Amino acid sequence: MQEFDTPVLDNHLHLDPDHGRGLEAVKDFARSGGTHLLVVNKPSWLLGHEVESREDFRPTFETTIGVVREASELLDGRAWPVLGVHPGLVSKLVDDRGYDPEDARDLMCDGLSAAAEYVESGEALALKSGRPHYDVTDAVWDASNAVLRHGLDLAAEHDCALQLHTESTTDLSDVTEWAAERGVPEQRVVKHYAQGHLTGGTPSVMSDKDRLREAVAREKPFLMETDFIDDPDRPGAVMGPKTVPRRVDWLLEEGHSDAVRNAHVETPAHVYDIDTEATLDR
132 MQEFDTPVLD NHLHLDPDHG RGLEAVKDFA RSGGTHLLVV NKPSWLLGHE
182 VESREDFRPT FETTIGVVRE ASELLDGRAW PVLGVHPGLV SKLVDDRGYD
232 PEDARDLMCD GLSAAAEYVE SGEALALKSG RPHYDVTDAV WDASNAVLRH
282 GLDLAAEHDC ALQLHTESTT DLSDVTEWAA ERGVPEQRVV KHYAQGHLTG
332 GTPSVMSDKD RLREAVAREK PFLMETDFID DPDRPGAVMG PKTVPRRVDW
382 LLEEGHSDAV RNAHVETPAH VYDIDTEATL DR
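With my numbering applied, the sequence shown corresponds to residues 132 to 413, in that order.
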């Protein structure tokens, strides 16, 4: 079993205890030297939940909270849930189920409000929202941005970070302007699946070596992630749960201990107000 003299955090991955590898993936992460996880709920439809009301989102959230509780028992650190509504739901509602964009917007906002209740109670650490990363109509784009702004409203209300699934971009200054209007600090706007650099917000960098080299060279706050999707129908999609620990090992071998501390201690504290060192039990 690999161990490092540092916490090792994967900032964004999914666990599916019913259909995927679930806790077996956590064991792989831990054996490779991983200590901390931010587990984002899978899209509701991938867990078999068709949503029609605010309450219909809760089974998805509670599945994630449950598996996070079990994951923490397997880690030298701990795991936290990140809960929200995947922006792709808008297309499921509009294209597949005949919703108007405005009705889809309202339902997704209700789902985010339900997620925020778990942040308020201390059962979740942060929220997740975003906007489509593919072409949509202007009406769907506007509805999606309204959902994202509602996520920022909730982040302000509950003093938490907001992870974002967005289009491929290195500039989220429009979103951080909306955040500033609501009193949400820029660093608490986290771009999931990020490149090695980002204007506006904190990049959660996909852990391939080229992106990490760029993030390290910038000497600015960043996080590391895999976006492990835990889907047996898509084996090998995105990155596996061993990747972040292996990239930490590589970064340390390359002499980038300061960058490792940045991504796994300093930036998590700055963004989420969590102490990955104090929660490390070895």
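Backbone N, C-alpha and C fix where the C-beta goes; we use that ideal spot for every residue, glycine too.
Since we're looking at a predicted model, the values are computed, not measured.
Residues sharing a beta bridge with residue i, DSSP
i, result
"TRP211", "LEU169"
"SER335", "LEU354"
"MET270", "It is worth fixing the name first, because residue 270 is Ala in this sequence and not Met. Note: ALA270 sits in no beta bridge, so no partner."
"ALA120", "Nothing in the structure corresponds to residue 120, since the chain is present only between 132 and 413."
"THR330", "ASP302"
"VAL320", "LEU293"
"LYS259", "GLY215, GLN294"
"ASP141", "LEU168"
When the options are compared against residue i, the one with the closest alpha-carbon
i, options, result
"THR301", "ALA161, HIS323, GLU204", "HIS323"
"LYS351", "GLU397, ALA368, PRO372", "GLU397"
"GLU183", "GLU204, PHE160, GLY229, GLY164", "GLY229"
"ALA245", "GLY282, ARG262, VAL271, ALA277", "GLY282"
"ALA409", "MET132, GLY208, PHE135", "GLY208"
"HIS401", "LEU383, LEU177, ALA202, THR333", "THR333"
"VAL420", "ALA210, ASP237, ALA161, LEU329", "No information on residue 420 is available, as it lies outside the stretch 132 to 413 that the chain covers here."
"LEU178", "GLU233, HIS145, GLY371, PRO372", "HIS145"
"GLU251", "ASP141, ALA286, ARG185", "ALA286"
"CYS291", "VAL278, LEU382, ALA310", "ALA310"
"VAL336", "ALA270, SER299, PRO366", "SER299"
Heavy atom of the ligand COA within 7 angstroms of residue i beta-carbon
i, result
"MET132", "With respect to small molecules bound, the structure shown includes none, and the ligand COA cannot be examined in it."
Euclidean distance between Cα positions of residue i and residue j
i, j, result
"ALA390", "ALA156", "25 angstroms"
"HIS264", "VAL321", "16 angstroms"
"LEU243", "GLU312", "19 angstroms"
"ASN276", "PRO399", "26 angstroms"
"ASN142", "GLU385", "22 angstroms"
"ASP380", "ILE405", "23 angstroms"
"LYS362", "ASP149", "The sequence as given places Asp at residue 362; Lys does not occur at that position. Cα to Cα, ASP362 sits roughly 10 angstroms from ASP149."
"ARG189", "TYR249", "10 angstroms"
"LEU329", "ALA255", "26 angstroms"
"LEU206", "PHE160", "9 angstroms"
"LEU293", "ARG319", "6 angstroms"
"HIS395", "ALA235", "37 angstroms"
"GLU201", "GLY153", "10 angstroms"
"ARG378", "GLU233", "43 angstroms"
Assumed close pair residue i, residue j - CB separation to whole angstroms, cut-off 8 angstroms
i, j, result
"GLY219", "SER260", "GLY219 to SER260, Cβ: 12 angstroms. No contact."
"HIS296", "HIS217", "7 angstroms"
"GLU345", "GLY331", "The Cβ separation is near 16 angstroms, so there is no contact."
"PHE359", "ASN393", "With 8 angstroms as the limit, PHE359 and ASN393 do not qualify as a contact, their Cβ atoms being about 22 angstroms apart."
"MET355", "VAL375", "5 angstroms"
"GLY164", "VAL139", "6 angstroms"
"ALA257", "VAL213", "5 angstroms"
Three Cβ pairs or more, each shorter than 8 angstroms: is that satisfied between the region 224-238 and the region 302-310? no
Across the region 190-197 and the region 165-175, are there enough close Cβ pairs to call them in contact, namely three or more that are closer than 8 angstroms? yes
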